[in-house]
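Visitor: Heads up: the sequence shown begins at -2 in my numbering, then just goes up one per residue.
For reference, the structure I am asking about is given below.
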Amino acid sequence: MAEKLDGKIAAITGAASGIGLATTEALIDAGARVVMVDRDETALAEITARLGDKAIAQVTDLLDPDSCAQMVPEILQKVEHLDILHCNAGTYIGGDLTETDTATIDRMLNLNVNVVMKNVRDVVPHMIERGTGDIVVTASVAGHMPIQWEPVYSSSKWAVTCFVQTMRRQLNKRGIRVGQVSPGPVISALLSDWEPDRLQRAKDSGSLIEPSEVSDAILFMLTRSRNVTIRDMIVLPTNFDI
Ligand code: NAD
């Protein structure tokens, strides 16, 4: 049975673009207020002005350890409580491992895995105290199948997929649902590193999906009766052939 999100408060990381922005809009449409966490202050200011008082900007660079540690406490100074945390911020760089520098490996594992673990760790005591909450992570289809030209990205998403499943088993019995959405290639700024040929081929063959198709899945997860946890929704373009 579908439930509305009226009165719910969500925080979404990486909310100023792509999947995070589409999810912000979907949750606000469903009645929630959303704290939009992003490092892009200019984009956040423009978007929150457009979306009105249900969108609240939280400027945080999650790769800065002090800012990351302050994220949940700062959010809880702005809103009364958090019902939903969507860990969505992530970075993508493909390419041969031998041509991937150390800083890139560190940044990808840090943002895609370590930051998610820290954000979840920081919100869990608040949700346990309230006896309720929803945590959703944007993983990837690359977290389900080893993609040969994305060794670091694919590994980061396998790691976060494992993390989500362990946390789900731990937290579901305490009233906190933990799930993930695993998209295939989505048209967003994240794919700016794709070779132009590859991007064009994917577009031409209908092998990319829109961010709103991912946010539809997230909204579906969040609006199920609390008796139901959707563990993972894999959202793929119909012509997905990796
Ligand atoms: P996007 O680039 O459109 O949006 C990412 C947002 O995260 C941006 O607003 C950016 O400013 C923000 N961000 C980046 N680094 C940050 C930091 N250090 N601190 C705070 N904010 C930061 O990307 P997207 O495609 O919407 O990706 C969102 C998530 O979806 C990522 O976890 C990504 O791995 C995952 N994903 C994307 C695709 C795809 O094809 N685009 C496919 C599967 C999974």
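Backbone N, C-alpha and C fix where the C-beta goes; we use that ideal spot for every residue, glycine too.
In this text the structure is predicted, and so the values were computed from the model without any measurement.
Kindly indicate which three-state DSSP category Ser179 falls into: helix, strand or coil?
Guide: Locating residue 179 in the sequence shown gives position 182, where the first residue counts as 1. Correct three-state label for Ser179: strand.
Visitor: Measure the alpha-carbon distance for Ser151 versus Gly130 and round it to whole angstroms.
Guide: Within the sequence shown, the letter at position 154 stands for residue 151. Within the sequence shown, the letter at position 133 stands for residue 130. Computed Cα separation, rounded: 28 Å.
Visitor: Going by beta-carbon coordinates alone, are Gly181 and Phe237 separated by less than 9 Å?
Guide: What you label residue 181 is simply residue 184 of the sequence shown in a count that begins at 1. What you label residue 237 is simply residue 240 of the sequence shown in a count that begins at 1. It is a contact, given that the beta carbons lie within the stated cut-off.
Visitor: Which residues in the same chain have their Cβ closer than 6 Å to the Cβ of Asp3, if we skip the five residues on either side of it in sequence?
Guide: Start at 1 with the first residue of the sequence shown, and residue 3 comes out as number 6. Result list for Asp3: Gly28, in chain order.
Visitor: Should the stretch 112 to 122 be called in touch with the stretch 68 to 84, which here means at least 3 C-beta pairs below 8 Å?
Guide: A contact exists between the stretch 112 to 122 and the stretch 68 to 84.
Visitor: Thinking Gln55 and Glu43 are a contact (beta carbons under 8 Å), I'd like their distance in whole angstroms, please.
Guide: The residue labelled residue 55 in the question sits at position 58 within the sequence shown. The residue labelled residue 43 in the question sits at position 46 within the sequence shown. The Cβ separation is near 15 Å, so there is no contact.
Visitor: Taking contact to mean 3 or more Cβ pairs, one atom from each stretch, closer than 8 Å, check whether the stretch 192 to 199 and the stretch 153 to 166 are in contact.
Guide: Short answer: they don't touch.
Visitor: From this set, Leu216, Leu108, Leu219, which residue's C-alpha is nearest Thr10's C-alpha?
Guide: Locating residue 10 in the sequence shown gives position 13, where the first residue counts as 1. Ranking the options by Cα distance to Thr10, first place goes to Leu108.
Visitor: Could you check if Met(-2) is buried or exposed, using at least 16 other CB atoms within 10 Å of its CB as the buried criterion?
Guide: Sequence index remark: in the sequence shown, residue -2 carries index 1 (1-based). Its pLDDT being 43, under 50, Met(-2) is placed unreliably by the model, and nothing is read from it.
Visitor: Should Ser202 go down as buried or exposed, given a rule of 16 or more other Cβ atoms within 10 Å for buried?
Guide: Within the sequence shown, numbered from 1, the residue matching residue 202 stands at position 205. That one is exposed.
Visitor: Is the Cβ-Cβ distance between Leu163 and Gly140 less than 9 Å?
Guide: Counting from one through the sequence shown, the residue named residue 163 turns up at place 166. Counting from one through the sequence shown, the residue named residue 140 turns up at place 143. According to the sequence displayed, residue 163 carries Thr and not Leu. The answer is no: Cβ separation not under 9 Å.
Visitor: Buried or exposed for Pro193, going by 16 or more other Cβ atoms inside 10 Å?
Guide: What you label residue 193 is simply residue 196 of the sequence shown in a count that begins at 1. Label assigned to Pro193: exposed.
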